[in-house]
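**Student:** Quick one: the structure is below, questions incoming.
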């Protein structure tokens, strides 16, 4: 059973979320985490990396599959959540909290969705 995407965040059709802070935190949605199953490995860009909205920025591996991570924004990585690199299960346990992936100094955005629009793409 998926949890509803939190209001106040923006979402990509590729199942990433973005908060409104500065720098903005980026993660994957609960829907994506649930579909992946038990996450065992996360590869993230390095601090200082330049991101382009829609481009591949890393990968996430579960006991089921390996999936690419896509950037929802243009910008520069200013922080990587090392806790998730050390313990990828945090993404499953708390995808909108402790399981965030990286923080970005945003210079532009790709096509982003509201919580309701994202939920509409992923009916329960």
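Residue numbers (our numbering): 27 to 150.
Just so you know, even glycine gets a beta-carbon here, dropped at the ideal spot from N, CA and C.
#1: Answer yes or no: do residue 36 and residue 147 have a C-beta to C-beta separation smaller than 8 Å?
#2: With DSSP as the reference, label residue 29 as helix, strand or coil.
#3: Can you find the residues in the same chain that come closer than 7 Å, C-beta to C-beta, to residue 41, ignoring five residues on each side of it along the sequence?
#4: Could you tell me the distance, in whole angstroms, from the CA atom of residue 91 to the CA atom of residue 64?
#5: What are the residues that DSSP puts in a beta bridge with residue 128?
#6: Taking Cβ positions, are residue 98 and residue 135 nearer each other than 8 Å?
#7: Looking at the strands, I want to know which residues DSSP matches up with residue 134.
#8: If you reduce the DSSP assignment to three classes, tell me which class residue 144 lands in.
#9: Taking buried to mean at least 16 other C-beta atoms within 10 Å of its own C-beta, is residue 114 buried or exposed?
#10: Please go through the same chain and pick out, in chain order, the residues whose beta-carbon is closer than 7 Å to the beta-carbon of residue 66, but skip the five residues on each side of it.
#11: Measuring alpha carbon to alpha carbon, tell me which of 96, 112 and 137 ends up nearest residue 83.
#12: Does residue 115 come out as helix, strand or coil in the three-state DSSP assignment?
**Tutor:** This is what the structure gives:
#1: no
#2: coil
#3: Closer than 7 Å at Cβ, skipping near neighbours: 54, 55, 57 and 58.
#4: 10 Å
#5: 52 and 106
#6: yes
#7: 100
#8: helix
#9: buried
#10: 87, 88, 89 and 114
#11: 96
#12: helix
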